[in-house]
Structures are given as C-alpha cells and as structure tokens.
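Residue numbering for the sequence shown follows UniProt numbering, starting at 1 and increasing by one per position.
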Amino acid sequence: MNQDTTTKITEKPPFDRSSSQDSLDELSMEDYWIELENIKRSHENRQDNQEVVVVKEPDEGELEEEWLKEAGLSNLFGDSAEDPQESMVFLSTLTRTQAAAVQKRVETVSQTLRKKNKQYHIPDVRDIFTQQRESKEKAPDGTESQSVRTNENKYQGKDDQASTPLGDKELMLPVPEDTPASETDINLEVSFAEQAVNQKEEKTQKSESNDASLPDFRLPKDKTGTTKVGDLAPQDMKKVCHLALIELTALYDVLGVELKQQKAAKIKTKDSGLFGVPLATLLEQDQRKVAHNFYFMLISQIEEGGLETEGLLRIPGAAIRVKNLCQELEAKFYEGTFNWESVKQHDAASLLKLFIRELPQPLLSVEYLRAFQAVQNLPTKKQQLQALNLLVILLPDANRDTLKALLEFLQRVIDNKEKNKMTVMNVAMVMAPNLFMCHALGLKSNEQREFGMAAGTANIMHLLIKYQKLLWTIPKFIVNQVRKQNTESHKKDRKAMKKLLKKMAYDREKYEKQDKSTNDVRKL
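Pasting the structure below:
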C-alpha cells in the first residue's frame, strides 16, 4: 500500500459546533479528511479532461418558473393559461401548506413576468386559488375536505397490481382513528409540512441532543399496506413526484430553510465507456452489449472478495494500480476478457468510489444536491428523515436505483463491522465526500466551508444508510392525493363521454328521421 495515499491531513479547519446538527469531535472526522485528501490526489492522477458541468445561475423569477414546471403546473403560464382546468384539479387536492408553497412561487413568477412584459396571459394568484377556498373545510391532515375519500391498495407483494393506475375504488374510507403517537413512529398519513406546523403551534418542537446515535424510527403497521417506489404505474408516479416536490418545498418553507434548486446546462458527455458516463447511457450500453450491469457487477466482485476485509472502503487502493485497472476495464469489460480475480479488494472498493465520483452529474442529481445538503439544517431527525424520503422519490429512476444498490451494499459492509472495523459512522465519513463533493461540478471550497460540509454531509450519509428501508416508501397522504386527482379526472372523463354519447344519439336520431323522410318522398 502506498504510504502517500494514507498521509493524514495535519491542517484542518478549526472545529465549530454550530456548523452541523450533530456535533462531531475532530477524531471522529479523521476518516473524512483522509478520504477527501485521497480523492484530491486521485483526481490529480486521472487527468481525463472530463468536462465540468455548468450549473446555470437562474435569473430573477426563473427559478420559481422552473419549479412550477417541475411541479406539473406549467400550464398556469404560457399559451395554455387561459384554460388551466387540469391544474385546477391538481390544486384542489393540495394541503394548506402545499397550496401556500405554490402560491408563493406563483406570486414571484407573476411579478417577474410583469416586469419583463411577457406577451402572454399572466394569471392573478387570487384567481388561481379562489376556487379552492370556496365552500371547503380542512380535513385533519390539512387536505381539502372531499365527499369522496379513498382507500389504499395493498401493493406490497402483488405483481398483478404493481402497475395498476390509482383509481376511485374502495371509496368512503373514514379518517384513521389511531394516528401514530410514539416519537419514533413515522406518520405517513398526514402531510409532513402540516405536522411541522402543528408542532410549531403546539410548541412541541424539542431541541435534540448532540448524541451521534439515531432513533429507531419505524412505520406503524397499516392494514391497507404501504406503497413503495416501483409499485405505481408510470403516470401515477409522475403525479407522486409533482406532489413530492411541492411537499418538500412546503416543509422547507414552514421550517424556514431555503430550498434552492440548480439546473445543469447541457454539455457534451462521453457516449461510451464505464467511468464518467451518464447513468442512463451506461444502463443502455450494458443492456445492449452484455447481460449484466457494470456497477452491480463491481459491487458483486467486492462482496465475493470478502466484506470482512479490514478497512474496506476506508483504506485506498494503490493509485497507479487503480488507474491501470480503469484503463483495462474500459478496454476489456464489454469484450468479456477482463480478469476480475486479479483485482485486490481495496483496489475494487476504490474503483466503486471512483465510479460514483466521476459520474458527469452527481448521483444525488444536480437539481437536488443542495436540497440534500440542506437536510442538515432541519430541526429534528424525524423532519430530516421526512425530507430525505421526499428527495429519494424525486431522484431520476436510474439515480434512485443506483443509490438503493449502494446503500444496501454499504449496510452489508457494516454488518461485518466486527471483522472489517467499519462502523456505520466510519462508512458514512468515507462515503460522504464521494457523494457530495462531485468534482464534475467544479466545487472549490475553502477549508472552513469544507468542514461545515464534512460534518453535515456525513450525518446525512448516516441517515441514508440507517433509514434506507423507510426512504423508498411513498407517503400515504401523497398516494391519497393522487387517487383524488384520478377520481376527479375520471369524473370529468365520464361527463365528457356522457356528453359525447348524447350527441351521437342525437345525431343518429336526426339522421334516421332524415332518412325516413327521404324514403317517404320516394314512395310518393
């Protein structure tokens, strides 16, 4: 092992307990600093001339306009703004806090458009939300009270229901009688932002200790089952993502945390190879050329080499060997001639981290990387978990699946901590810079900012690993909102169909009368 690669950083920024949710002593941060130094040296050795992702700085109002598009509300503006019926159905299902989040963005965009003198209809925010306020009461979960309430299908373990659109079946479900009472229970039936408002009003928000241990959060048993990512049809999952973005924004608004999305400008990326290739391209390439996925095969090879290896993920592979392995993999992997047996365990682990680090865009996505980082600023662990749940839902499919495989692998590494000496905090410290310090973004941080990021992102990594089984659950209140949207849409469709059938019957009757009159004239 190369001694230079494990040289400890002697000059670290001074420890500041205010810089993160969980204060971490300097010794516990040592793994992070060593890993960061190894990453910097690895990047210097690679010299691949990889293009840097250009993060576009939005103009005034542009961020909010992009947010509305991402939330599925783009037809409030532009040419279709004269008839925003589709958005009205969507808006009618929002909670109070969700509606407030939308209204805030609509107001900002409206003001910006007026300043820019846009030549299309600019909606008045009062017109958009007046319809939702008339003759409606709020339900206990903050949603608009409806005469129709819906139940949740038991998707878990039922392949025949996995891609079934949420419809208007099993109606008139009463409000659940027993809501989660324990502090470690995660309430998925009530909007997270509404829960935060209630805690503020009741002044039940407790300051948490600086203990690094995390509560054993759990999902209370639900007779109707839970809905996981992948259980829903694509058209319903799209609606779930729209609502998840609005709910995340509402939660951050309520808690006074700034949520800023970034947008990556289009750049030229590699269209082949293994390292520095977009995930979607890599998946397509794997399906076309081989029967297996490079990323999953790499994880599998590390596991076959033995997860008991001491210092796995923490001890770096030899820099020259890793560089040579990259070149050899690029040349031989798809030909099926690469010799995995010759790869040393620490070199394989370094390849995995390098693969994640060199993605053209971060695994946590350019759009939501800041939002993931901002999770550390939320007051309680439960709220941090709720935010991560929504953020995981918002990730592109390829990113979400890749993250899931990574977290499951990391947990298996931790399960062997007695032999490999890698606790959950050790793994979190080592992996955090690989996920959050994406060099493709051209991040240039001073040491003080690096320390703030170190403590915060290490804690977020810890949360992702510990609560991974909860993060792929779609909150029930969002599932119910989607079902309400579908119910209203079905009502509109049935009404339109009824009108069409009535017109067809009228036209047929008219035609038959005309035909009869023509025949009568001919008989004369």
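Just so it is clear, CB atoms sit at the ideal spot from N, CA and C, and this is done for glycine as well.
If you follow the alpha helix (DSSP H) that isoleucine 320 is part of, which residue opens it and which one closes it? Along the sequence shown, read from residue 1 onward, the residue named residue 320 stands at position 320. It spans 319–332 - the alpha helix (DSSP H) in which isoleucine 320 sits, taken as one unbroken run.
Around the Cβ of aspartate 236, are there at least 16 other Cβ atoms within 10 angstroms (buried) or fewer (exposed)? Sequence index remark: in the sequence shown, residue 236 carries index 236 (1-based). When all chains shown are included, aspartate 236 counts as buried.
Between isoleucine 246 and alanine 71, what straight-line distance do the alpha-carbon atoms span, to the nearest angstrom? Position 246 of the sequence shown holds residue 246. Position 71 of the sequence shown holds residue 71. Going by the C-alpha atoms only, they are around 6 Å apart.
CA-to-CA distance, leucine 232 to tyrosine 506, given in whole angstroms: Position 506 of the sequence shown, counted from the first residue, corresponds to residue 506. Position 232 of the sequence shown, counted from the first residue, corresponds to residue 232. C-alpha of tyrosine 506 to C-alpha of leucine 232: approximately 40 Å in a straight line.
In or out: glutamine 514 buried (at least 16 other Cβ within 10 Å) or exposed? Sequence index remark: in the sequence shown, residue 514 carries index 514 (1-based). Glutamine 514 is exposed by the Cβ-count criterion.
Quick one: measure Cβ to Cβ for threonine 402 and tyrosine 295, integer angstroms, because I've assumed they're closer than 8 Å. Residue mapping note: residue 402 aligns to position 402 of the sequence shown, counting from 1. Residue mapping note: residue 295 aligns to position 295 of the sequence shown, counting from 1. Sure, about 6 Å apart at Cβ, within 8 Å.
Whole alpha helix (DSSP H) elements within the region 443–478, 4-residue minimum: DSSP runs (the alpha helix (DSSP H)) wholly in the region 443–478: 447–466 and 468–471.
Leaving out five residues before and five after aspartate 178 in sequence, what residues of the same chain have Cβ atoms less than 7 Å from its Cβ? Taking the sequence shown and counting its residues from 1, the one referred to as residue 178 is at position 178. Low confidence applies to aspartate 178: its pLDDT is 44, below 50, so where it sits in the model is not reliable enough to give any reading.
Could you give the distance in angstroms between the alpha-carbon of proline 362 and the alpha-carbon of glutamine 262? Residue mapping note: residue 362 aligns to position 362 of the sequence shown, counting from 1. Residue mapping note: residue 262 aligns to position 262 of the sequence shown, counting from 1. Roughly 12 Å separates the two Cα atoms.
Buried or exposed for threonine 97, going by 16 or more other Cβ atoms inside 10 Å? In the sequence shown, the residue the question calls residue 97 occupies position 97. The residue is buried, with at least 16 neighbouring Cβ atoms inside 10 Å.
Buried or exposed for methionine 504, going by 16 or more other Cβ atoms inside 10 Å? Here residue 504 refers to the residue found at position 504 when the sequence shown is read from its first residue. That one is exposed.
Report yes if the C-beta distance between alanine 387 and threonine 249 is below 7 Å; otherwise report no. Position 387 of the sequence shown, counted from the first residue, corresponds to residue 387. Position 249 of the sequence shown, counted from the first residue, corresponds to residue 249. Against a cut-off of 7 Å, the Cβ pair of threonine 249 and alanine 387 comes out as no contact.
What are the boundary residues of the alpha helix (DSSP H) that includes glutamine 285? Working through the sequence shown from its first residue, we reach residue 285 at position 285. For glutamine 285, the enclosing alpha helix (DSSP H) stretches over residues 279–289.
Looking only at its own chain, which residues have a Cβ that is under 6 Å from the Cβ of isoleucine 315, when we skip the five neighbours before and after it? Here residue 315 corresponds to residue number 315 of the sequence shown, with the count starting at 1. Answer for isoleucine 315: His346, listed in chain order.
For lysine 228, name the three-state secondary structure that DSSP assigns. Residue mapping note: residue 228 aligns to position 228 of the sequence shown, counting from 1. Lysine 228 falls in the strand class under three-state DSSP.
Three-state class that DSSP yields for arginine 218 in the structure shown: Here residue 218 corresponds to residue number 218 of the sequence shown, with the count starting at 1. The answer is strand: DSSP assigns arginine 218 an E or B state.
Tell me which residues share the same chain as glutamine 481 and place their Cβ nearer than 6 Å to its Cβ, disregarding the 5 neighbours each side in the sequence. Numbered from its first residue, the sequence shown carries residue 481 at position 481. So the list reads Thr93 and Leu243, once near-sequence residues are dropped.
Cα separation between glutamate 137 and serine 489? As a working note, residue 137 is residue 137 in the sequence shown. As a working note, residue 489 is residue 489 in the sequence shown. Residue confidence is low: glutamate 137 scores 48 on pLDDT, short of 50, so the model does not pin down where it sits. Its coordinate-derived value is still stated next. One C-alpha to the other measures close to 21 Å.
Rank Gly336, Leu274, Cys241 and Gly311 by C-alpha distance to the C-alpha of proline 360 and give the top, closest one. By 1-based counting over the sequence shown, the position of residue 360 is 360. For the residues Gly336, Leu274, Cys241 and Gly311, the minimum Cα distance to proline 360 belongs to Leu274.
Under 6 Å from any heavy atom of the ligand ZN, does the C-beta of lysine 513 make it? The model on display carries no ligand, and the ligand ZN is accordingly not part of it.
Cβ-based neighbour list, valine 254, same chain, cut-off 7 Å, excluding 5 preceding and 5 following: Residue mapping note: residue 254 aligns to position 254 of the sequence shown, counting from 1. These residues qualify, in order along the chain: Thr97, Ala193, Ala196 and Val197.
Can you tell me whether lysine 263 is helix, strand or coil according to DSSP? Position 263 of the sequence shown, counted from the start, is the residue given in the question as residue 263. Secondary structure at lysine 263: strand, using DSSP grouped into helix, strand and coil.
What residue range does the alpha helix (DSSP H) around phenylalanine 338 cover? By one-based count along the sequence shown, residue 338 stands at place 338. From DSSP, phenylalanine 338 is part of no alpha helix (DSSP H); its letter is neither H nor E.
Below 8 Å, can you find three or more Cβ-Cβ pairs linking the region 407–415 to the region 455–467? Yes, they touch.
Measure the Cβ-Cβ separation of alanine 432 and valine 257 and say whether it is below 7 Å. Counting from 1 along the sequence shown, the entry for residue 432 is found at position 432. Counting from 1 along the sequence shown, the entry for residue 257 is found at position 257. The answer is no: Cβ separation not under 7 Å.
Buried/exposed call for aspartate 216, threshold 16 Cβ in 10 Å: Here residue 216 is taken as the residue at index 216 of the sequence shown, counted from 1. Under this definition aspartate 216 is an exposed residue.
Tell me which residues share the same chain as asparagine 389 and place their Cβ nearer than 6 Å to its Cβ, disregarding the 5 neighbours each side in the sequence. Working through the sequence shown from its first residue, we reach residue 389 at position 389. Exclusion of the five residues before and after asparagine 389 leaves Leu471 as the residues of its chain whose Cβ lies within less than 6 Å of its Cβ.
Kindly confirm or deny that the region 422–430 and the region 300–318 touch, where touching means at least three C-beta pairs closer than 8 Å. As far as the Cβ criterion goes, the region 422–430 touches the region 300–318, which means the pair count is three or higher.
Quick one: what does DSSP say aspartate 185 is sitting in, helix, strand or coil? Position 185 of the sequence shown, counted from the first residue, corresponds to residue 185. For aspartate 185, the secondary structure class from DSSP, reduced to helix, strand or coil, is strand.
Is the distance from the Cβ of leucine 391 to the Cβ of phenylalanine 372 below 7 Å? As a working note, residue 391 is residue 391 in the sequence shown. As a working note, residue 372 is residue 372 in the sequence shown. Between leucine 391 and phenylalanine 372, the gap from beta carbon to beta carbon is short of 7 Å.
Less than 8 Å between the CB atoms is what I'm expecting for arginine 357 and isoleucine 39, so what's the real figure, rounded? Mapped onto the sequence shown, residue 357 falls at position 357. Mapped onto the sequence shown, residue 39 falls at position 39. 7 Å between Cβ atoms; contact.
Leucine 325 and valine 413 look like a contact to me (Cβ under 8 Å); what is the Cβ gap, rounded to whole Å? For the purposes of this step, residue 325 is identified with residue 325 of the sequence shown, where counting begins at 1. For the purposes of this step, residue 413 is identified with residue 413 of the sequence shown, where counting begins at 1. 20 Å between Cβ atoms; not a contact.
If leucine 349 sits next to tyrosine 32, beta carbons under 8 Å apart, how far is it from one beta carbon to the other, in whole angstroms? For the purposes of this step, residue 349 is taken as residue 349 along the sequence shown, with counting starting at 1. For the purposes of this step, residue 32 is taken as residue 32 along the sequence shown, with counting starting at 1. The residue you asked about is not leucine; residue 349 is alanine in the sequence shown. The beta-carbon distance between alanine 349 and tyrosine 32, rounded to whole angstroms, is 16 Å. This is too long to meet the 8 Å contact definition.
Helix or strand or just coil, what does DSSP make of threonine 95? For the purposes of this step, residue 95 is taken as the residue at position 95 of the sequence shown. In the three-state reduction of the DSSP assignment, threonine 95 falls in the strand class.
Give the range of the alpha helix (DSSP H) segment to which glutamate 66 is assigned. Along the sequence shown, read from residue 1 onward, the residue named residue 66 stands at position 66. First-last of the alpha helix (DSSP H) with glutamate 66: 62–70.
What does the Cβ neighbour count give for proline 475, buried or exposed, with the cut at 16 atoms within 10 Å? In the sequence shown, the residue the question calls residue 475 occupies position 475. So proline 475 ends up on the buried side.
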